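Trainee:
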Amino acid sequence: MPRMRKKGDLPEKICPICGRPFAWRRKWRAVWQEVVYCSERCRRQSRAPREREEPP
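Counting the sequence shown from 1 gives a position; my numbering is that position plus 6.
(1) Go ahead and pull the three-state DSSP assignment for residue 1.
(2) Where residue 27 and residue 44 are concerned, what is the direct C-alpha to C-alpha distance, given to the nearest angstrom?
(3) Of the choices 25, 47, 10 and 19, whose alpha-carbon is the least far from that of residue 39?
(4) Classify residue 19 as helix, strand or coil using the three-state DSSP reduction.
(5) Can you give the Cα-Cα distance for residue 15 and residue 55, rounded to whole angstroms?
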């Protein structure tokens, strides 16, 4: 049986939307290279059209 890893030893990435670091999860084992966003909420925000500020 493989040894347990400490949470601090897991690989991390930075979410481009919220800027927070997020760590590797077991469910991302096969697709870690493709994971970009920390959550579904951040993924949805990246695809939503940005609201433009109206000039004064």
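Where a beta carbon is used, it is the ideal one built from N, C-alpha and C, also for glycine. Predicted model only: the values in this text are computed from it and were never measured.
Mentor: Let me lay it out:
(1) This structure cannot settle anything about residue 1, because the visible part of the chain is limited to 7 through 62.
(2) Residue numbering aside, residue 27 sits at position 21 when the sequence shown is read from its first letter. Residue numbering aside, residue 44 sits at position 38 when the sequence shown is read from its first letter. Cα to Cα, residue 27 sits roughly 8 angstroms from residue 44.
(3) Your numbering for residue 39 matches position 33 in the sequence shown. It is 19 whose Cα lies nearest to the Cα of residue 39.
(4) Indexing the sequence shown from 1 puts residue 19 at position 13. Residue 19: strand per DSSP, three-state reduction.
(5) Along the sequence shown, one-based indexing puts residue 15 at 9. Along the sequence shown, one-based indexing puts residue 55 at 49. Going by the C-alpha atoms only, they are around 36 angstroms apart.
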